[in-house]
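For the sequence shown, position 4 matches number 253 in this note's numbering, and the numbering has no gaps at all. Glycine is no exception: its CB is placed at the ideal position from the N, C-alpha and C atoms. If you're wondering where the values come from, they're calculated on a predicted model, not measured in any experiment. Heads up, the thing below is written out as structure tokens.
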Amino acid sequence: MEAEQVLIVASERADASIGQSLSDQLTGTALSAVTAAWRSVTPATFRLIRSAMGDQLPPLGWPEYRAWALGSGIAVPRGGNELEVVPTVRAGQELDPTSRQAYRLLLNCWVAHPEPSFAADAVAWAIGLRAWAELSELWLGQLLPAGSWRDPEVIRLLSGLPPEARRKGPLLTIAWARARAQALGGSAGERQRQRDQLADATLLHARWREADGLDAMLLSASLWMNSQREVPGIDPTSALELAWDGQKEAALFLERRRAEATGFSGRAEAIFRASSAQISLARGDLERAVIEAERSAMLDPEISAAIADGVAALARELAGGRDVAAQPGRDRADLHHELPRGLSAADSRAAVLAEALRAIRTLDQEAAERAMAQLRTMPTGATLWPVVLFAESLQAALWGDPEWALAELDDARAQHSMGSVEQLEPLGRSLLQRARVTLLERLGATATARSAARELSPEWRALAEARCLIWAGDHDAARRVADEGIFDAGTWLGDRLALRAIRVGAQLLDPAAGESIRADAVQEVIAICLKRHSLLPVALLPVELRSRMIATYLSRAQSAVMSPVESVLLERLRAVSPLSSSAAPPVRLTRREKLLLPLLASADAVPDIAASLHVSPNTVRTQVVNLRKKFGAASRTELVRSARNAGLLQM
């Protein structure tokens, strides 16, 4: 025991001796300030200190440094090789020049060589320096990708960020709200995050025009724009237009500064453009949504991959544009809910929805079901739910049960109306109405479907109305509406192709048109559909008409050589089921009803039909009532359509 005490005393004297020799070699001030910037020091910490100070630090190892720190009273032993640094700066206290220099030295070194285990220290240095813009970049570029933001000490520091930090570094609003939510956990934390971000966006960032610097202005504007969709008590359409007015003002200011060659970061503008893309999508301006998303991709492909590419792909699918798939972003999963409210979550859902709509467009049932199943595994929320219901309505019309899908559509609208405004925004309102029209057509309620179609905005109306008319058997009217829509500059590209298919279908049933002309028209429109991998224009036509068009095409295409892809697509088109899986049992007709049905499909009035059958008009009316009951039709037009769909009446 005495020998051990002698060794301990000798070690302490040696530490003191080394500390004294270091005091002779160093001014002590710089090293003291650098050491005081840490919570504790270890051999790993010392390596970073040595890297940061470079030539300012004389050659020495961990034992000499440890002895100096203990001898000077800067640190005290904690256990093993770790020393606890004695605090010299209180939280929120202004740093003296020497300490600022030390914090800056260490922060620059960590940013150049980020070590996740020192992430909390780096955050503390940035907070001490009040380098809010730099902390914002550090959070977005380092902490999020590495997952270091989940460190308990990082969460503690970020959850205490003052309003000044969130105003000067707008992305810190999201970091702060997320840290506070993480501390609470569960659904309570998520609700708190939403409240915190909305409060900051409407209070701190409403004066985005007065932000310090162009980057802060663009990011504040992005937060404020997105918050307008969430502010309670504001009409959704008015809120979107208010947000878009702000976007135009910020974009104009940006272009003026760009012309003056004033510096700003591409990343801040990329986030602003991504936010603009999502606002454009909600407004139903699909072309502008693609333009803004592509600008984001040019400025910062990595950010765009997480918050803009999916929106661009979805907008193209809805408009019927070129077939471009959204590439999954490298950090998409970790960026979920981290960027301006909803940007990453909405873009992830948009990318999957684009995949689903692409599969539906090519009649790939398995791929469509996989995409919709993936959508159900994503974090819950109401983001883009009208687009989800629109995709499900197309699935039901092609392969499922339209009656069940219509009931689900009405139920979902009632549920979401309590906590979402997307059904009142231009895109959501139009897609939900289009979904309803599609399902009503399949159920034979063409009069109700056409009434719903007339409520759509002009750019969405033509196709819905023309398809209602072709399903109702009013071929001349369908052709007229299709012609108007085809030549309307506001009609979407995909709708224009579908209107051409309706026009050609109506022409195919017109005996006045030459057989060769009709066949050529069918050949052309189906060839275009196959080339563009867009089969919905033909697949959603009435069963008998679709079958005749395919037969006409095949009779002309037998000598032509089709590519393997075109052959697969054509086979899918032929395989689309003529009836839903829940179709009613076959309707049994009496002999008189079989004679009456073709006459009801004509334009003849009841007295004329009665005269041709040599019965009274009242007898014909009674038989029509009985037929309508058998087919569940509300009108003569719906009766004829249902009979055609059941294969009991030829075109």
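Contact check, residue i vs residue j, beta carbons under 9 Å
i    : j    : result
S524 : A538 : no
V560 : D596 : yes
L898 : P847 : yes
R841 : L818 : no
W398 : W388 : yes
A395 : P363 : yes
G533 : G743 : no
A605 : A617 : yes
K780 : E815 : yes
L491 : I483 : yes
A470 : G495 : yes
A715 : V889 : no
W425 : R416 : no
R458 : E413 : no
A654 : S642 : yes
S348 : A285 : yes
E671 : L624 : no
G515 : D461 : no
Q682 : A713 : yes
Own chain partners of residue i with C-beta closer than 6 Å, once the 5 adjacent residues on each side are dropped
i    : result
L354 : A301
F639 : L680 and A684
Residue i classed as buried or exposed, judged by whether at least 16 other C-beta atoms fall within 10 angstroms
i    : result
F736 : exposed
R522 : buried
Q477 : buried
I766 : exposed
T839 : exposed
E343 : exposed
H454 : buried
H724 : buried
V753 : buried
A800 : exposed
D660 : exposed
N894 : buried
S553 : buried
E773 : exposed
V874 : exposed
L452 : exposed
D580 : With a pLDDT of only 38 at D580, under the threshold of 50, the placement of this residue in the model should not be trusted; the figure read from the coordinates follows. So D580 counts as buried.
S272 : For S272, the pLDDT reaches just 41, beneath the cut-off of 50, and the residue's location in the model is therefore unreliable, although a value from the coordinates is still provided. S272 comes out exposed.
E386 : buried
G649 : buried
Nearest-angstrom Cα separation, counted from residue j out to residue i
i    : j    : result
L902 : I751 : Within the shown structure, residues of the chain are numbered from 250 to 900, placing residue 902 beyond reach of any answer.
A727 : Q756 : 10 Å
V825 : S812 : 20 Å
F880 : Q872 : 12 Å
V325 : P419 : 39 Å
W493 : L705 : 22 Å
L876 : T886 : 12 Å
S593 : I520 : 11 Å
G677 : L297 : 53 Å
R729 : A859 : 31 Å
D853 : A768 : 29 Å
R379 : A557 : 31 Å
R544 : E566 : 19 Å
L275 : A351 : Reliability of the predicted coordinates at L275 is poor, the pLDDT of 42 falling under 50, and the value obtained from them is presented with this limitation in mind. Straight-line Cα distance between these residues: approximately 15 Å.
L849 : E479 : 53 Å
A908 : A562 : The question about residue 908 has no answer, for the chain in this structure spans 250 to 900.
P346 : L393 : 31 Å
Nonlocal neighbours in the same chain, by C-beta distance under 8 Å from residue i, ignoring five residues either side
i    : result
S281 : S321 and I323
R429 : S408, G438, Q441, R442 and D445
L784 : R610, T611, L612, C778, L818, R821 and L822
L794 : I719, G754, L757, L758 and M900
Nearest-angstrom beta carbon gap, residue j and residue i [assumed within contact, 8 Å]
i    : j    : result
V686 : A698 : 5 Å
A702 : C717 : 5 Å
L822 : A788 : 6 Å
D464 : A382 : 7 Å
E541 : A517 : That belief does not hold up - the Cβ atoms of E541 and A517 are roughly 15 Å apart, past 8 Å.
L535 : A564 : 4 Å
D449 : T422 : 4 Å
L467 : L503 : 7 Å
I674 : L489 : Per the sequence presented here, residue 674 reads as Glu, with Ile not at that position. Confirmed, Cβ separation roughly 6 Å.
Same chain, Cβ closer than 7 Å to residue i, neighbours up to 5 away in sequence not counted
i    : result
S289 : R327, E331, L332, E333 and V334
L406 : A369, V372, A373 and I376
P651 : A645, L688, R691, L692 and S829
F367 : L297 and W359
Heavy atom of the ligand GDP within 8 Å of residue i beta-carbon
i    : result
S397 : Ligands displayed in this structure: none; no statement on the ligand GDP is therefore possible.
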